[in-house]
Amino acid sequence: MTLMQDNLHEVLYFAYGSNLSTEQMRQRCPYSTPVGLAYLEGWKWIINARGYANIVQLPLDDEDETDKGKGKAVEDDDEEHGVYGLLYLLPPQDEERLDEFEGVPWAYQKFQVNVKWAHSKDSDETLRALVYVDGQRVEEDVPRDEYVGRMERAIEDAVDNWGLDEDWADTVMRRFWTEEE
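The numbering of the sequence shown is full-length UniProt numbering, which starts it at 1 and goes up by one.
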């Protein structure tokens, strides 16, 4: 499936934080279209020092001399070595608006990454997607109070409407604002 051929001016955008909420994205980027859940391998989801979601690229494991070979991305399980996000088709005017919301270039920088459809990760098909990453604040921290509510709405939307695994959200995302029992 090649989404980009319909409108060469639109880009695929990989949302992994509060923009998982299609309602929030409708308010921010009214011409964007959600298209499905995707998976970004080799990255970790965190809350950073600003109190917002960020993703951090995991280092290659150069010391691994096992069957996996040298220079492979560290692999254990999906919970810690990949990020789920919602893909949106984003027209140029919405990309400009999103840049403002995301604080480009001070808070986040724009990158292109390869993602796969979440429910066909074993497929070789990759899609090129825009992602916003804070390369300066890459240590784990606590979320802002207002952000927790937005993230809860985003998770609920992604679980109910796009097939995000709630156990993954609990383990990877909610651990930043819920206490273990």
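A virtual CB, placed ideally from N, CA and C, is assigned to each residue, including glycine.
Option in the options with minimal Cα separation from residue i
| i | options | result |
| --- | --- | --- |
| residue 125 | 116, 132, 133 | 116 |
| residue 57 | 159, 84, 153, 133 | 133 |
| residue 30 | 83, 122, 46, 96 | 96 |
| residue 45 | 151, 161, 36, 104 | 151 |
| residue 21 | 36, 172, 48, 156 | 156 |
| residue 26 | 90, 9, 108, 49 | 90 |
| residue 141 | 149, 48, 161 | 48 |
| residue 168 | 110, 118, 112 | 118 |
| residue 106 | 50, 160, 149, 112 | 50 |
| residue 110 | 173, 172, 171, 55 | 55 |
Alpha-carbon to alpha-carbon, residue j and residue i
| i | j | result |
| --- | --- | --- |
| residue 32 | residue 88 | 6 Å |
| residue 175 | residue 128 | 29 Å |
| residue 60 | residue 40 | 15 Å |
| residue 66 | residue 42 | Low local confidence applies: a pLDDT of 39 at residue 66 is under 50, so the model's placement there is unreliable, with the coordinate-based value given in what follows. Rounded to whole angstroms, residue 66 to residue 42 spans 18 Å at the Cα level. |
| residue 98 | residue 130 | 11 Å |
| residue 179 | residue 166 | 16 Å |
| residue 101 | residue 94 | 10 Å |
| residue 28 | residue 139 | 27 Å |
| residue 81 | residue 108 | 21 Å |
| residue 84 | residue 164 | 7 Å |
| residue 114 | residue 11 | 13 Å |
| residue 24 | residue 123 | 31 Å |
| residue 34 | residue 158 | 11 Å |
| residue 137 | residue 36 | 28 Å |
| residue 38 | residue 13 | 10 Å |
| residue 103 | residue 135 | 13 Å |
| residue 53 | residue 154 | 12 Å |
| residue 120 | residue 162 | 14 Å |
| residue 149 | residue 173 | 13 Å |
| residue 76 | residue 170 | For residue 76, the pLDDT reaches just 44, beneath the cut-off of 50, and the residue's location in the model is therefore unreliable, although a value from the coordinates is still provided. If you take the alpha carbons of residue 76 and residue 170, they lie about 18 Å apart. |
| residue 9 | residue 86 | 19 Å |
DSSP bridge partner residues for residue i (one or two, in chain order)
| i | result |
| --- | --- |
| residue 128 | 114 |
| residue 133 | 109 |
| residue 13 | 88, 130 |
| residue 55 | 45 |
| residue 36 | 87 |
| residue 149 | In the DSSP output, where bridge partners are listed per residue, residue 149 has none listed. |
| residue 103 | DSSP, once it has assigned bridges, lists no residue as partnering residue 103. |
| residue 20 | BP columns for residue 20 are empty, so no partner. |
7 Å Cβ cutoff, residue i in contact with chain C
| i | result |
| --- | --- |
| residue 125 | Reference to chain C is not applicable here, since this structure consists of a single protein chain. |
Q. Are the region 136-146 and the region 8-19 touching, with three or more C-beta to C-beta distances below 8 Å?
A. With a cut-off of 8 Å, the region 8-19 and the region 136-146 do not count as touching, because too few Cβ pairs lie within range.
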